[in-house]
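Residue numbers (the numbering used here): 1062 to 1456.
Every residue, glycine too, gets a C-beta built ideally from N, C-alpha and C.
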């Protein structure tokens, strides 16, 4: 009998994951990951992880499976929290959820599971796994979840073949309503529990509040860049080759304070991210202002009016070799090669047609249509026929 360790989070998805595996005849063990207990930065006195671990325990009892809590706060702080603050200080916007899967759930947590004699680790992600023998070796594929509204393959875009070989995603074939229905029938107390929002570790905490406790506020200017800013209408030069063209279009616009007018104040450029409109508190414009660039060195936020402002759009982005990752190692492209794919630069974004171009230093991703708010530090993931092939950090 195969043994599976399920990361029980106290939510409905992981509860149903454990239930289905048990029905399928696996020996199931439930583990709750406690990732956070630094009281100096808890935001509110409610303690969501206690409530969640309690729910997880009740579900485990109901299913008659062994249950324990593992404390991963140390590793979490080191690998996720410190990385986040580091990225914010550099003026990049990290994606802790993607990292959490690569570094915690499918690494530290997986090691614990394997030490308990587990054959697999299962999570409540909406995605699917397939296997194919290629050149005599098994190759694992990461596929989008059946529920297109809920497809979470993006969050797993950094997993390796080794990690995938030991992963199970039992609810990937289901839709969210079906999952809730199964939980109801199985009489699991998490059946109607709301989906958790916010960071995967601090429970119900909004990111800016969390950041404010760690990064010191510092007042700076909000500058509005007009639509007719000269760089938007520059003459495109002739390019000697494709790489020169890609390099040109992947370079972001650069702004100075003199390029626009000061329309307000903010409390720290590192709290803001491209494409954001909340929290600017500047009135008097016909359409809302959007952040088009942040400069953490001068502590200035550049904004544009309306979501169609040219400063928000770019069609090419770059990923350096160090931050490039292929799930399908057998499909890696070499310098000079290109590949037609569909890609997304954020979770929930519909897939967009794009081309990958491999150059010496990394990979260019050229989208057929310009993309709004391409944000350094976030992940771009590329797919073919519902399969996630690889990903990288936008530089």
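With fewer than 16 other CB atoms across the displayed protein chains lying within 10 angstroms of its CB, residue 1295 is exposed.
Following the DSSP letters along the chain, one finds residue 1400 inside the beta strand (DSSP E) bounded by residues 1399 to 1405. Its chain contains 1283, 1324, 1325 and 1350 as the residues whose beta carbon lies nearer than 7 Å to that of residue 1343, once the 5 sequence neighbours on both sides are disregarded; these appear in chain order.
In this structure, DSSP gives residue 1357 a state outside helix and strand, which the three-state scheme calls coil. Under DSSP, residue 1387 forms a beta bridge with 1451. DSSP places residue 1080 within a helical segment (H, G or I) once states are collapsed to three. Under the 8 Å Cβ criterion, the region 1202 to 1212 does not count as touching the region 1075 to 1088, having fewer than three qualifying pairs. When the beta-carbon positions are compared, residue 1188 and residue 1214 come within less than 8 Å of each other.
For residue 1071, the closest alpha carbon among the candidates 1290, 1231 and 1250 is that of 1250.
A distance below 7 Å between beta-carbons, with the five flanking residues on each side excluded, links residue 1163 to the following residues of its chain, in chain order: 1219 and 1220.
Counting only residues of its own chain and dropping the five nearest sequence neighbours on each side, residue 1407 has a CB closer than 7 Å to the CB of 1439.
Using a Cβ-Cβ distance cut-off of 8 Å, the region 1352 to 1369 and the region 1307 to 1323 are in contact, since at least three pairs of beta carbons, one from each stretch, lie closer than that value. Per the Cβ contact rule, the region 1160 to 1176 is not in contact with the region 1420 to 1429 (fewer than 3 Cβ pairs under 8 Å). Under DSSP, residue 1427 shares a beta bridge with 1377 and 1416. In the three-state reduction of the DSSP assignment, residue 1232 falls in the coil class.
Counting along the chain, residue 1088 sits inside the beta strand (DSSP E) bounded by residues 1088 to 1095. With contact defined as three or more Cβ pairs closer than 8 Å, the region 1329 to 1341 and the region 1424 to 1444 are in contact.
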